[in-house]
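Please read the structure below before turning to the comments.
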Amino acid sequence: RWSLVTGVQTCALPIYLLNISVEVGQHVEGQNMGIGVAAQNNWNQKCEAWILNERSTGSAVQDNLLAIKLALYKLKEKGWQHIKIRTSCIQVLNIIRYQAFSNLKLATHLEDIKDLCSMFRKCSFDRLPGDRDRLSAKLSRLAILLLWWGTWSSSVA
1 RWSLVTGVQT CALPIYLLNI SVEVGQHVEG QNMGIGVAAQ NNWNQKCEAW
51 ILNERSTGSA VQDNLLAIKL ALYKLKEKGW QHIKIRTSCI QVLNIIRYQA
101 FSNLKLATHL EDIKDLCSMF RKCSFDRLPG DRDRLSAKLS RLAILLLWWG
151 TWSSSVA
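Per the working numbering, the sequence shown starts with residue 1, numbered consecutively.
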């Protein structure tokens, strides 16, 4: 389901913290949303990037929680142990940090995220800056476009 974006410089995977930016584009219930994930090390070197299409719930908060959960599964699969998940959605950040949620669907996503975080040696959360020119934001928009175009070739440079 995840598509690896090629052309991103691969960095050595040290035991240092990797910054993982997770962004979602389009929140229309029943429509597909694009998820963009970009990993970089503490020297701001891009390590890897992925895109994914998933069905939107129509809620920006739920969509972002789902995107973070899916990214955590992917990061665990990669074997990375020290991560900081960065999101542009301040509501999601507050829900995760303070365990404050308003409905059962949010509680379910939050519990899954907590369980996944326990599988890493270090897993923290932070806010992304407001700049929409980030790689993860571009990838989330690209994921939507690629769905409209049909198939995607991994030969993107």
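Quick reminder that beta carbons are idealized off the backbone N, C-alpha and C, glycines included. As the structure is a computational prediction, the values presented were derived from the model and not from experiment.
Looking at C-alpha atoms only, which residue of the options is the closest neighbour of residue i?
i, options, result
"Ile83", "Ala100, Asn41, Ile51", "Asn41"
"Leu142", "Glu23, Leu128, Ala39", "Glu23"
"Asp115", "Ala137, Leu128, Ser56, Ile68", "Ile68"
"Asn103", "Arg134, Gln62, Ser88", "Gln62"
"Leu52", "Asn94, Ile20, Gly25, Asn44", "Gly25"
"Ser88", "Lys78, Pro129, Ala100", "Pro129"
"Leu110", "Leu18, Lys76, Leu66", "Leu66"
"Gln45", "Ile113, Asn94, Leu17", "Leu17"
"Ser118", "Lys76, Arg134, Gln99", "Lys76"
Based on the DSSP secondary-structure assignment, which residues constitute the bridge partners of residue i?
i, result
"Glu23", "Gly36"
"Asp126", "Arg86"
"Asn53", "Gly34"
"Glu48", "Ala39"
"Leu18", "Ile83"
Assuming contact is defined by CB atoms lying nearer than 8 Å, are residue i and residue j in contact in what I supplied?
i, j, result
"Gln81", "Phe120", "yes"
"Ala38", "Leu139", "yes"
"Arg127", "Arg86", "yes"
"Leu70", "Ile113", "no"
If residue i sits next to residue j, beta carbons under 8 Å apart, how far is it from one beta carbon to the other, in whole angstroms?
i, j, result
"Glu54", "Asn32", "7 Å"
"Asn64", "Val28", "Contact flag wrong, Cβ pair sits at about 15 Å."
Below 6 Å CB to CB, which residues in the same chain sit around residue i once its five sequence neighbours on both sides are set aside?
i, result
"Lys122", "His82"
"Leu145", "none"
Tell me which residues share the same chain as residue i and place their Cβ nearer than 7 Å to its Cβ, disregarding the 5 neighbours each side in the sequence.
i, result
"Ser136", "Ser21, Val22, Glu23, Gly36, Val37, Ala38"
"Phe101", "Ile95, Ala107, Leu110"
"Lys105", "Gln62"
Spatial neighbours of residue i within its chain, please: CB distance less than 8 Å, with the 5 preceding and 5 following residues excluded, ordered by chain position.
i, result
"Gly30", "Arg55, Ser56, Gly58"
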